[in-house]
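As you go down the protein sequences, you meet chains A and B in turn. Going by this note's numbering, the first residue of the first sequence is number 1, and it counts up by one from there. Going by this note's numbering, the first residue of the second sequence is number 100, and it counts up by one from there. For glycine and all other residues, C-beta sits at the position ideal for the given N, C-alpha and C.
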Amino acid sequence: MLLNQFLFLAAMLFCIGVYGVLARRNGVMVLMSVELILNAVNINLVAFGAFRHDVTGQVFALFVIAIAAAEVGVGLALVLMLYRNRRSIDVDDVDLMKG
Amino acid sequence: MLAELMVAENVAFYLIAITMVVAAVRVVTTRHIVHAALYLVLVLAGVAALYILLAAEFIAITQVLVYIGAIVVLFLFGIMLTRAPMGPMHDSDNEQRIVGATIAALLLGVMGYTLWRAYRDTEFVDLQVQTTNDVANSVFSTYVLPFEVISVLLLAALIGAIVLARRD
Chain A
1 MLLNQFLFLA
11 AMLFCIGVYG
21 VLARRNGVMV
31 LMSVELILNA
41 VNINLVAFGA
51 FRHDVTGQVF
61 ALFVIAIAAA
71 EVGVGLALVL
81 MLYRNRRSID
91 VDDVDLMKG
Chain B
100 MLAELMVAEN
110 VAFYLIAITM
120 VVAAVRVVTT
130 RHIVHAALYL
140 VLVLAGVAAL
150 YILLAAEFIA
160 ITQVLVYIGA
170 IVVLFLFGIM
180 LTRAPMGPMH
190 DSDNEQRIVG
200 ATIAALLLGV
210 MGYTLWRAYR
220 DTEFVDLQVQ
230 TTNDVANSVF
240 STYVLPFEVI
250 SVLLLAALIG
260 AIVLARRD
């Protein structure tokens, strides 16, 4: 296996996630795209860890997973708040601070 | 024998990779929000399979437990609580789709070119299994301080989520 196979796949997942964040309207779908991005980062960390025979890559991937869990928890709570106040979770409608 | 094993590894990798990319594209393009969550499960399972290929057992199990077991369920709860339509949504994407696709393609071009320049044909040399034992030793010796900080962060996130979502 080439190292680049994994890195290219991670780059593709990252870009698909970026597209999702930019193009989706629904708040929950935006959070799903963020998950894609975080998983791409994790693939990179574990691939480099395996490449260098170093366990640090896995440890950092674990930290990223923990942070992703926290992010989804708070993110969904925010989306729920948005839904309760506006009856819609369209992120394009949340432009109160737009200049 | 070793050469055959490497071929098998590559075949497995490409099968998983194609499944993951198709599923990931479906996550960001489908109009059914529940389908998006279920395609996300496919992507996350593919990532777990890649960790197995990279001989990282603990992180593969954690991926299945935390992502597929907990985070996807959280997403499904979020979909349910925000009363998302069960049928296709007609306004699931905004008018930035073309700009977004262009930016993503450019980003992929830049990253792909850089990776190709940097690592061209670098092979994995004798992939070793990084056991749960190794991970535990590292987490609880070198990285014990970040580990504790992460636990405090999770507690803070938990309390924050409760405070935000509470009805008062």
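| query | result |
| --- | --- |
| Residues of the segment 170–203 of chain B in Cβ contact with chain A at a cutoff of 8 Å, in chain order, please. | Ile170, Leu173, Phe174, Phe176, Gly177, Ile178, Leu180, Thr181, Arg182, Ala183, Met188, Asp190, Ser191, Asp192, Asn193, Gln195, Arg196, Val198, Gly199, Ala200, Ile202, Ala203 |
| Where does the unbroken alpha helix (DSSP H) through His131 (chain B) begin, and where does it stop? | Per DSSP, His131 (chain B) belongs to no alpha helix (DSSP H) and is neither H nor E. |
| What separation, rounded to the nearest whole angstrom, lies between the Cα atoms of Ile258 (chain B) and Thr181 (chain B)? | 21 Å |
| Of the choices B:Ser240, B:Leu214, B:Val142, B:Thr231, whose alpha-carbon is the least far from that of Ala123 (chain B)? | B:Val142 |
| Could you check what DSSP says for Arg194 (chain B) in three-state terms: helix, strand or coil? | Looking at the sequence itself, residue 194 (chain B) is Glu, so the reference to Arg does not match. If DSSP states are grouped into helix, strand and coil, Glu194 (chain B) belongs with coil. |
| Closer than 9 Å, Cβ to Cβ, to anything on chain A: give me those residues from the segment 102–114 of chain B, in chain order. | Met105, Glu108, Asn109, Phe112, Tyr113 |
| Report yes if the CB atom of Gly20 (chain A) is closer than 7 Å to the CB atom of Val127 (chain B), and no otherwise. | yes |
| Are the beta-carbon atoms of Val59 (chain A) and Val238 (chain B) separated by less than 7 Å? | yes |
| Do Ile151 (chain B) and Ala144 (chain B) come within 7 Å of each other at the CB atom, strictly closer than that value? | no |
| I need the straight-line Cα distance from Ala66 (chain A) to Val165 (chain B), nearest angstrom please. | 8 Å |
| My assumption, with CB atoms under 8 Å, is that Ala116 (chain B) sits in contact with Leu7 (chain A). Please give the rounded CB distance. | Actually they are not in contact, since the Cβ atoms of Ala116 (chain B) and Leu7 (chain A) sit about 12 Å apart, beyond 8 Å. |
| For Met179 (chain B), count the other beta carbons within 10 Å of its own beta carbon; 16 or more makes it buried, fewer makes it exposed. Which is it? | exposed |
| Quick check on Arg25 (chain A): buried or exposed, where buried means 16 or more other Cβ atoms within 10 Å of its Cβ? | buried |
| Leaving aside the five residues before and after Gly57 (chain A) along the sequence, list all residues of the same chain whose C-beta is less than 8 Å from its C-beta, in chain order. | Leu45, Val46, Ala47, Phe48, Gly49, Ala50 |
| Which two residues bound the contiguous alpha helix (DSSP H) that contains Glu71 (chain A)? | 56–86 |
| Step through the CB atoms of chain A and report whether any lies within less than 7 Å of the CB of Tyr212 (chain B). | no |
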